Amino acid sequence: MNSTVPIVLGIVGSPRHGGNTDILVDEVLRGASDAGAQTKKVFLSDLDIHPCIACEHCAETGACAQKDDMQSLAKDMAESSVWVLGTPVYLFGPTAQFKAFLDRWIGVPKNDFAGKGGILVVPFASSEPEIGENTLHILKRSLQYRKMNHLDSIAGPGLLDAGAANGQPELLELAYKAGQQAVSG
Ligand SMILES: Cc1cc2nc3c(=O)[nH]c(=O)nc-3n(C[C@H](O)[C@H](O)[C@H](O)COP(=O)(O)O)c2cc1C
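Note that this note's numbering has the sequence shown beginning at 2, numbered continuously upward.
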């Protein structure tokens, strides 16, 4: 990849390809791409990322003891200036795939992600906006903990069926603009 061009990395925590998280993350990436970024997207459910086993190897050595796809994903994350973190709400929190991934950040040295930007994408079925708040809170605090910048949040209430986000042009536009803005400033 050309290092002079910003890289925006989409990380999808839903297992549904073509689902609402996927659609909204794609819109953010499309906005970023139109603003001149290189983009890449990964599906956590396509990767082998084990949950943290609290072995404390990382505290002792600075590196995670588990050898799985987290190493290559952490490399992609380090090479990107902005991450688009997407997860649907599953019982008031992120999906299990996303939480396993999030817990594994602990195996990456504390300041390695400092200064990067994060855009959050959180669809959910309920029409009540507060149903997304816990998940957004977890993600925002995780960015803050890693000294990253929270750039934008795309919360999507009322999205149950895969593809429902396609019926919400205003939400798609918000997602597109978040991607554009993250790159063009
Ligand atoms: C196991 C599971 C738990 C869910 N829990 C909630 C919930 O607590 N609140 C809610 O509003 N929607 C909940 N949903 C609905 C999803 O958040 C919603 O369908 C979302 O749009 C899925 O995103 P996706 O299309 O990217 O997979 C749940 C769905 C599943 C499969």
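Just so it is clear, CB atoms sit at the ideal spot from N, CA and C, and this is done for glycine as well. Since this is a predicted model, take the numbers as computed values, not measurements.
Check your understanding: When DSSP labels each residue in this structure, what does Thr22 get in the three-state scheme?
Key -> helix
Point to revise | Neighbour flag for Thr136 against chain C, beta carbons, 8 Å | key: Of the chains in the structure shown, none is chain C; there is only one protein chain.
Review point. For Phe93, which of helix, strand or coil comes out of DSSP?
Key: coil
Point to revise | Segment contact, 8 Å Cβ cut-off, at least three pairs: the region 38-45 with the region 110-124 | key: no
Exercise for review: Measuring from each Cβ to the nearest heavy atom of ligand 1, keep the ones under 5 Å and list them in chain order.
Suggested key: Ser15, Arg17, Gly20, Asn21, Thr22, Pro89, Val90, Tyr91, Leu92, Pro124, Phe125, Ala126, Ser127, Ile132, Leu160, Leu161 and Ala163
Point to revise | Bounding residues of the beta strand (DSSP E) (the contiguous stretch that carries Ala1) | key: Within the shown structure, residues of the chain are numbered from 2 to 186, placing residue 1 beyond reach of any answer.
**Study point:** Assigned secondary structure, Met2 (DSSP; H/G/I helix, E/B strand, else coil)
**Key:** Low local confidence applies: a pLDDT of 49 at Met2 is under 50, so the model's placement there is unreliable, and no value is given.
Review point. Is Pro170 closer than 8 Å to Phe125 when the C-beta atoms are compared?
Key: Cβ distance not < 8 Å, so Phe125 and Pro170 don't count as in contact.
Point to revise | Cβ contact check for the region 58-74 and the region 16-35: 3 or more pairs under 8 Å | key: Contact between the region 58-74 and the region 16-35 is absent: fewer than three C-beta pairs spanning the two stretches fall below 8 Å.
Review point. In this structure, does DSSP put Phe44 in helix, strand or coil?
Key: strand
Point to revise | C-alpha distance - Asp23 paired with Asn135, whole-angstrom precision | key: 20 Å
Point to revise | Residue range of the unbroken alpha helix (DSSP H) whose run includes Ile132 | key: Looking at the DSSP string, Ile132 is not in any alpha helix (DSSP H), and its letter there is neither H nor E.
Review point. Sorted by chain position, which residues of the same chain lie with C-beta nearer than 7 Å to Asn167's C-beta, five sequence neighbours on each side aside?
Key: Non-local beta-carbon contacts of Asn167 in its own chain, meaning distances under 7 Å to residues more than five positions away in sequence, involve Ile24 in chain order.
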